[in-house]
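In the working numbering, the protein residues as written are 321 to 565. Glycine included, every Cβ here is placed at the ideal spot set by N, Cα and C.
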């Protein structure tokens, strides 16, 4: 499957399902000031608990074990499509899943507050489809330094912050470290931090893997267990990693 990066970027906030004419709304993470992020004390990831009196919430439906593996695998599938020299493998985080679920339970399309170095993608639609959401999120899905993801899903009577009615399904994913960041130079100019480093002829895929993820599997940097790293062959490591996704 080929991915049209330009088209995904263009459609990262609005998507129309041509098969049934359904409108799907997507909110990707707002840019953040990376220098400001570095100055903050790294406290907990969570914002204030959601309001249990929310009359819009029909049911909170956290992903089961199968969906956790599938969501993680689907993110990594798209990350493998990008010819990057420094793309980390993504792993599931229960902590991020808990914070994402809390925001999904608010039935609010607006971004949550109080997140520290945590990116957020929100998807709302009349129907439930994880594939649609992940395929049209771009910056967070292929942000090279990100290595943790956690998601939550909720059914709602309606969704706040969305034009029109009928958006009764909310899917939220949280990411760490956060992607889609900007850097402020000494002169006050904003510099958009690249999502990843392109692999070139003299610098192939995984050539810039960080020390925290020195091994490579299908173009993704990851950290195998000590036993794997010291004794297993590349093929054995790859097979073990694939089965854990």
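Cα-Cα separation, residue i to residue j
| i | j | result |
| --- | --- | --- |
| residue 402 | residue 479 | 33 Å |
| residue 368 | residue 471 | At residue 368, the pLDDT of 36 sits below 50, so the modelled position is not reliable and the matter cannot be decided from this model. |
| residue 432 | residue 423 | 7 Å |
| residue 393 | residue 374 | 32 Å |
| residue 416 | residue 520 | 33 Å |
| residue 641 | residue 522 | One cannot answer for residue 641 here, as it falls past the ends of the chain, which runs 321 to 565. |
| residue 544 | residue 482 | 42 Å |
| residue 389 | residue 537 | 17 Å |
| residue 533 | residue 376 | 42 Å |
| residue 421 | residue 491 | 8 Å |
| residue 539 | residue 391 | 19 Å |
C-beta contact flag for residue i and residue j at 8 Å
| i | j | result |
| --- | --- | --- |
| residue 477 | residue 378 | yes |
| residue 445 | residue 395 | no |
| residue 410 | residue 467 | yes |
| residue 461 | residue 525 | no |
| residue 541 | residue 407 | yes |
| residue 434 | residue 495 | no |
| residue 443 | residue 499 | no |
The beta strand (DSSP E) enclosing residue i, as first and last residue numbers
| i | result |
| --- | --- |
| residue 394 | First-last for residue 394: 385 to 401, but that is the alpha helix (DSSP H), not the beta strand (DSSP E). |
| residue 579 | Any answer about residue 579 is impossible in this case: the structure gives the chain only from 321 up to 565. |
| residue 487 | That residue, residue 487, is in no beta strand (DSSP E); it is neither H nor E in DSSP. |
| residue 378 | 377 to 380 |
| residue 447 | No beta strand (DSSP E) contains residue 447, which DSSP labels as neither H nor E. |
| residue 475 | 468 to 476 |
| residue 410 | Segment: none, residue 410 is in no beta strand (DSSP E) and carries neither H nor E. |
| residue 535 | 535 to 537 |
| residue 427 | From DSSP, residue 427 is part of no beta strand (DSSP E); its letter is neither H nor E. |
| residue 529 | First-last for residue 529: undefined, no H or E at that position. |
Rounded Cβ spacing between residue i and residue j (contact assumed at less than 8 Å)
| i | j | result |
| --- | --- | --- |
| residue 497 | residue 437 | 5 Å |
| residue 529 | residue 474 | Not confirmed; about 36 Å, so no contact. |
| residue 405 | residue 517 | 5 Å |
Unbroken alpha helix (DSSP H) run spanning residue i, endpoints
| i | result |
| --- | --- |
| residue 424 | 414 to 424 |
Proximity test, residue i beta-carbon vs the ligand MG heavy atom, cut-off 7 Å
| i | result |
| --- | --- |
| residue 446 | What this structure holds is no ligand at all, so the ligand MG is not there to describe. |
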